[in-house]
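Visitor: The structure that follows is given in the form of structure tokens.
Structural data, given as structure tokens:
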């Protein structure tokens, strides 16, 4: 593997990592929101967290399938 192929492969893997990280972060937000809603005292904050998580997942999905 020459230097250019190595660099290209590294960039591709980094881009995949960033997408996976965004999906993970989105799922974490959804989970945090669910826990707040389930607790009952922070319903508004929970809904906002879930919505933010869903937006993150939507953006990643939109980028993958467009």
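In UniProt numbering, the protein residues as written are 1 to 66. All C-beta atoms, glycine included, are put in the ideal place defined by N, C-alpha and C. Just so it is clear, the structure is predicted and the values come from calculations on it, not from any experiment.
#1: What is the rounded straight-line gap between the Cα of residue 8 and the Cα of residue 23?
#2: Can you tell me the Cβ-Cβ gap for residue 53 and residue 30, rounded? I've got them flagged as a contact below 8 Å.
#3: Nearest by alpha-carbon distance to residue 32: which of 17, 19, 18, 48 is it?
#4: Roughly how many angstroms separate the alpha carbons of residue 14 and residue 60, rounded to a whole number?
#5: Compute the distance between the beta-carbons of residue 34 and residue 26, then report whether it is under 8 Å.
#6: Within a Cβ cutoff of 6 Å, which residues of the same chain sit near residue 50, ignoring the five residues on either side of it in sequence?
Guide: On the basis of the supplied data:
#1: As a position in the chain shown, residue 8 is number 8, starting the count at 1. As a position in the chain shown, residue 23 is number 23, starting the count at 1. In this structure, the CA atom of residue 8 is about 23 Å from the CA atom of residue 23.
#2: Here residue 53 refers to the residue found at position 53 when the chain shown is read from its first residue. Here residue 30 refers to the residue found at position 30 when the chain shown is read from its first residue. Indeed, because the Cβ distance is near 4 Å, the residues count as touching under 8 Å.
#3: Within the chain shown, the letter at position 32 stands for residue 32. Checking every option, the nearest Cα to that of residue 32 belongs to 48.
#4: Translated into positions along the chain shown, residue 14 becomes position 14. Translated into positions along the chain shown, residue 60 becomes position 60. Going by the C-alpha atoms only, they are around 15 Å apart.
#5: Walking along the chain shown from the start, residue 34 turns up at place 34. Walking along the chain shown from the start, residue 26 turns up at place 26. Not a contact, by the Cβ cut-off of 8 Å.
#6: To locate residue 50, count along the chain shown from 1; it is residue 50. Same-chain partners within the cutoff: 30, 33.
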